[in-house]
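Okay, so here's the structure we're looking at.
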Amino acid sequence: MTRTRLATAAVSAAVAGALAVSASPASASASGGYVSGGGSFYDDFADEGTLSTTSYKDTNATCLWQIMLYAEGVKESDGTQFDWDDINGKFSSNTAYATKQLQKAWGLTQDGKVGKTTFGAADDKWNPTTGAGELEYRSTGTTDATKYKLRYHGSRYYFDIFRTASGKYRFYHKNVWHYASYKNDSSCS
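Have a look at this one:
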């Protein structure tokens, strides 16, 4: 190899290494725009974007999380149970408080954010004998939009969600189907 080619290769390698170190890792699912998955249902949520009062705070992904909080029956900031009226797709201080209550119940760090560990705990396989876990596969549908029917088992309530043929999660709320998207401006309220 000539000196010029060696120098070019060295500079290219250095630039590539610097970019790899400086680039912040993006969640595959958040960057895809939707809560999504493929293959096993029981590892779909651990690679999602972080939901909080500062990130993805007005989205249908937040709405899906709030439905999970409702299903779990956790307390909200006024001491009552997180209720149906609290499900609006807006990650407020009340949602952060309820998230901390659920994190405490699940033995997780109580930071009020729905990151990889917290969201990942929500797709543990449900065991009907012990009641452990939350997510249960129910059936395979005949349309792309309702390809896989899953049931989320909370401590207080259960609800069904669907994973489409393309892997996007959908849920039914207030008589409307919603994709669990990361797009700002939730349609859940």
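Under mature numbering (1 follows the signal peptide of the UniProt record, and there is no 0), read the sequence shown as residues -28 to -1, 1 to 161, first letter to last. Virtual Cβ for every residue (Gly too), placed ideally from N, Cα, C.
(message) Quick check on DSSP: helix, strand or coil for K88?
(response) Residue mapping note: residue 88 aligns to position 116 of the sequence shown, counting from 1. Residue state, collapsed to three classes: helix.
(request) Using DSSP bridges, identify the partner residues of residue 190. (result) Because the chain is modelled from -28 through 161, residue 190 falls outside the range shown and cannot be assessed.
(message) If you measure between the beta carbons of S8 and G139, is that distance less than 8 Å?
(response) Along the sequence shown, one-based indexing puts residue 8 at 36. Along the sequence shown, one-based indexing puts residue 139 at 167. Yes.
(message) In whole angstroms, give me the CA-to-CA distance for M40 and G11.
(response) Mapped onto the sequence shown, residue 40 falls at position 68. Mapped onto the sequence shown, residue 11 falls at position 39. C-alpha separation (whole angstroms): 22 Å.
(message) Quick check for students: name the residue ranges of the alpha helix (DSSP H) that lie wholly in the segment 10 to 71, counting only runs of 4 or more.
(response) 32 to 44
(message) Please report the distance separating the alpha-carbon of G103 from that of K97.
(response) As a working note, residue 103 is residue 131 in the sequence shown. As a working note, residue 97 is residue 125 in the sequence shown. Rounded to whole angstroms, G103 to K97 spans 10 Å at the Cα level.
(request) Specify the secondary structure class of T80 as computed by DSSP and reduced to three states. (result) The count along the sequence shown starts at 1 and reaches residue 80 at position 108. Sequence check: residue 80 is Leu here, not Thr. Of the three classes helix, strand and coil, the one that applies to L80 here is coil, per DSSP.
(message) Taking the straight line between their C-alpha atoms, what separation do you get for G21 and A93?
(response) Counting from one through the sequence shown, the residue named residue 21 turns up at place 49. Counting from one through the sequence shown, the residue named residue 93 turns up at place 121. For G21 and A93, the distance between alpha carbons rounds to 14 Å.
(request) Leaving aside the five residues before and after T81 along the sequence, list all residues of the same chain whose C-beta is less than 8 Å from its C-beta, in chain order. (result) Counted from its first residue, the sequence shown places residue 81 at position 109. If we look at T81 and ignore the five residues flanking it on each side, its Cβ neighbours are Q75 and T89.
(request) Specify the secondary structure class of S161 as computed by DSSP and reduced to three states. (result) By 1-based counting over the sequence shown, the position of residue 161 is 189. Coil, per DSSP.
(message) With H, G and I counted as helix, E and B as strand and the rest as coil, what does DSSP make of S3?
(response) Position 31 of the sequence shown holds residue 3. Of the three classes helix, strand and coil, the one that applies to S3 here is helix, per DSSP.
(request) Go to R128, then tell me how far its beta strand (DSSP E) extends in each direction, as first and last residue. (result) Residue mapping note: residue 128 aligns to position 156 of the sequence shown, counting from 1. Looking at the DSSP string, R128 is not in any beta strand (DSSP E), and its letter there is neither H nor E.
(request) Pull up the distance between the alpha-carbon of F13 and that of Y120, whole angstroms please. (result) Taking the first residue of the sequence shown as position 1, residue 13 is located at position 41. Taking the first residue of the sequence shown as position 1, residue 120 is located at position 148. So the alpha carbons of these two residues sit roughly 9 Å apart.
(request) Less than 8 Å between the CB atoms is what I'm expecting for T101 and F63, so what's the real figure, rounded? (result) Here residue 101 corresponds to residue number 129 of the sequence shown, with the count starting at 1. Here residue 63 corresponds to residue number 91 of the sequence shown, with the count starting at 1. Not confirmed; about 35 Å, so no contact.
(request) State yes or no: is the C-beta of Y6 within less than 8 Å of the C-beta of Y154? (result) For the purposes of this step, residue 6 is taken as residue 34 along the sequence shown, with counting starting at 1. For the purposes of this step, residue 154 is taken as residue 182 along the sequence shown, with counting starting at 1. Cβ atoms of Y6 and Y154: closer than 8 Å.
(request) Would you decide whether Y151 is buried or exposed? Buried here means 16 or more other CB atoms lie within 10 Å of its CB. (result) Taking the first residue of the sequence shown as position 1, residue 151 is located at position 179. Counting Cβ neighbours within 10 Å, Y151 comes out buried, since at least 16 surround it.
(request) Verify whether the separation of the beta carbon atoms of Q53 and G61 is less than 8 Å. (result) Translated into positions along the sequence shown, residue 53 becomes position 81. Translated into positions along the sequence shown, residue 61 becomes position 89. No; because the gap between Cβ atoms is not below 8 Å, this pair is not in contact.
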